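Notes to accompany the following structure.
Spelled out as structure tokens, the structure:
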């Protein structure tokens, strides 16, 4: 179709670029024919128009220009319909500039011809889009049929697994019932008391003392005191195991209440801090020259307050009034000293756990990571840096204290360097990390280097890109996984998506 369009373009352009002498000869022949038909007699001979030398040179230059350009493109293997159209269009523009008398008519003709070509191209594009849409619509019933078939197969497998689980559970319970040993009552567990032999010596006494009444009375009093002490100890020093369980439940409830109260306290302190900042801003504005409006001043203050990141703790408004400030500083210093002691002694795993659970996150930073990175161990030994990242991820909370973006990027990079793909999948799916576009790029690059893990890396990168609103890269991951329809739906639903 492009060849036909190019041929039509070329013939039409050649017709417009024909020498004026040819066009005038045709016009004279037509006028002569009309004269003959009107009068029935041969008219006077019409002289052909005289072509100027400048017109001949111009037409010759145009023809040479078109011929040379097409030969260059043909030699380079780039001569196609589009290039021919461009060359003819440039030649037509030169003709329009040269023919001043017919400039308006030629311009209109070229404009209409360009519109016709654009409409033809747009029609071809629309036809391709419609064909692709029809092909997609035709494949949807087959895809739906496969999905339903797969769903039925999975349901059958689930039924089989549930039946096997129930059977194994019943067999396990039966085995436990058979092997269970019933604990005898305490009364039955007591060993029967043997008969006391009066002739046997008394434990703890010599034979002479056992024959002395005063010594016997004294020894009896001592035994009575021990008996009373044991009874008192049973009441005060020993409690049933159920009592300990009840205390553990109460302790967990108290800890939860303390955490809730601490959360409410932090919110109230943050609210108080913001209100105090606004009050101070209003007071300062009242004492100033009021060059700015109150609204603009408050807007600037709020913008400055919003620049405070989560990694930088806010200043405690009651810091000077807290009596536990000194004690807390001493506890933090002691905690750091204990970490340094473990680290110096080579107990890297214990030091990593200690740093991951540090209060206020004082050791959950890049400096601690660099200390673990600097440790040199043998090839067969586990990397201390990997120990630190594993402890850090395990100690992070799902919603309260995720690992920051910098440590997350370092942890994922370290795990991929040691080919621990299962750890990366666990960390990403559990959402114990901070998502960023750079993190998705690292996992993407690893999938490109390791074709065996490419499918998993594409799925993880898609999840990360969607979390950090990187719409184009998320759609690209879906396309590479074969989810073309899903990518189209995703781009349609995303109002901010731009190519």
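Numbering (UniProt numbering), first residue to last: 1 to 499.
Cβ atoms here follow ideal geometry from the backbone N, Cα and C, with glycine treated the same way.
Please read these numbers as outputs of a predicted model, since none were measured by experiment.
*asked:* Give me, in chain order, the residues of the same chain whose beta-carbon lies closer than 8 Å to that of residue 436; leave out the 5 immediate sequence neighbours on both sides.
replied: 405, 408, 409, 464 and 468
_C-alpha gap between residue 21 and residue 99, whole angstroms_ = With a pLDDT of 41 at residue 21, under the threshold of 50, the modelled position of this residue cannot be trusted; read the value that follows with caution. Straight through space, the alpha carbons of residue 99 and residue 21 are spaced by roughly 14 Å.
*asked:* Considering just the uninterrupted stretch of the alpha helix (DSSP H) at residue 420, what are its terminal residues?
replied: From DSSP, residue 420 is part of no alpha helix (DSSP H); its letter is neither H nor E.
*asked:* Distance check for residue 345 and residue 381, CA to CA, integer angstroms please.
replied: 16 Å
*First through last residue of the alpha helix (DSSP H) which encompasses residue 440*: Here the alpha helix (DSSP H) through residue 440 covers 437-449.
*Which ranges does the beta strand (DSSP E) cover as unbroken runs of at least 3 residues, wholly within the stretch 213-248, from first to last along the chain?*
Runs of the beta strand (DSSP E) inside the stretch 213-248: none found.
*Do residue 415 and residue 388 come within 9 Å of each other at the CB atom, strictly closer than that value?*
no
*Output the boundary residues of the alpha helix (DSSP H) element that contains residue 474.*
Looking at the DSSP string, the run of the alpha helix (DSSP H) that includes residue 474 is 471-480.
*Answer yes if the stretch 65-72 comes into contact with the stretch 85-97, meaning at least three C-beta pairs across the two stretches below 8 Å, and no otherwise.*
In this structure the stretch 85-97 touches the stretch 65-72; the number of beta carbon pairs closer than 8 Å is three or more.
*So, helix, strand or coil for residue 277, using DSSP?*
helix
*Beta carbon of residue 403, beta carbon of residue 411: below 9 Å?*
yes
*asked:* Quick check: the Cα distance between residue 109 and residue 60, rounded to an integer number of angstroms?
replied: A straight-line Cα-Cα distance of about 23 Å links residue 109 and residue 60.
*Considering only the beta carbon of each residue, do residue 491 and residue 460 sit closer than 9 Å?*
For the 9 Å CB-CB criterion, residue 491 and residue 460 do not form a contact.
*Would you kindly check if the distance between the Cβ of residue 339 and the Cβ of residue 358 is under 9 Å?*
yes
_Outcome for residue 421 when other beta-carbon atoms lying within 10 angstroms are tallied against a minimum of 16_ = Per the 10 Å Cβ criterion, buried.
*What are the complete alpha helix (DSSP H) segments, minimum 4 residues, inside the stretch 351-415?*
For secondary structure counted as the alpha helix (DSSP H) over 4 or more consecutive residues, the stretch 351-415 holds these complete runs in sequence order: 366-373 and 384-395.
*Assuming residue 447 and residue 458 make a contact with CB atoms under 8 Å, what is their CB distance in whole Å?*
6 Å
*Using three-state DSSP, classify residue 431 as helix, strand or coil.*
coil
*Rounded to whole angstroms, what's the CA-CA distance from residue 384 to residue 481? Just pull it up for me.*
36 Å
*Coarse secondary structure for residue 345, derived from DSSP in three states*: coil
*asked:* Spatial neighbours of residue 473 within its chain, please: C-beta separation below 6 Å, excluding the five flanking residues on both sides.
replied: 465
*Determine, using beta carbons only, whether residue 376 and residue 348 come nearer to each other than 9 Å.*
no
_Chain-order list of residues whose beta-carbon lies under 7 Å from that of residue 201 (same chain, five-residue window excluded)_ = 207 and 210
*Integer-rounded CB distance, given that residue 94 should sit under 8 Å from residue 125*: At roughly 30 Å, the Cβ-Cβ gap does not stay under 8 Å, so residue 125 and residue 94 are not in contact.
*For residue 277, which residues from the same chain have a beta carbon less than 7 Å from its beta carbon, with the 5 sequence-adjacent residues on both sides left out?*
301 and 305
_C-alpha distance - residue 168 paired with residue 161, whole-angstrom precision_ = 10 Å
*Whole-angstrom Cβ separation of residue 418 and residue 393, contact assumed at under 8 Å?*
In fact, because the Cβ distance is near 14 Å, the residues do not count as touching under 8 Å.
*Look at the alpha carbon of residue 111 and the alpha carbon of residue 131, and state the distance between them as a whole number of angstroms.*
30 Å
*Per-residue burial, residue 368 [other beta carbons within 10 Å of its own, 16 or more giving buried]*: Under this definition residue 368 is a buried residue.
*For residue 413, which residues from the same chain have a beta carbon less than 7 Å from its beta carbon, with the 5 sequence-adjacent residues on both sides left out?*
Counting only Cβ-Cβ distances below 7 Å, and skipping sequence neighbours, we find 442.
*Would you identify the three-state DSSP class for residue 132, choosing helix, strand or coil?*
helix
*residue 399 classed as buried or exposed, judged by whether at least 16 other C-beta atoms fall within 10 angstroms*: Bear in mind that a pLDDT of 44 at residue 399, under 50, signals an unreliable position, so the model cannot answer this.
*Please list, in chain order, all residues of the same chain as residue 320 whose beta carbon is under 8 Å from its beta carbon, the five residues on each side excluded.*
Note that residue 320 scores a pLDDT of 47, beneath 50, so its modelled location is shaky and nothing firm can be said.
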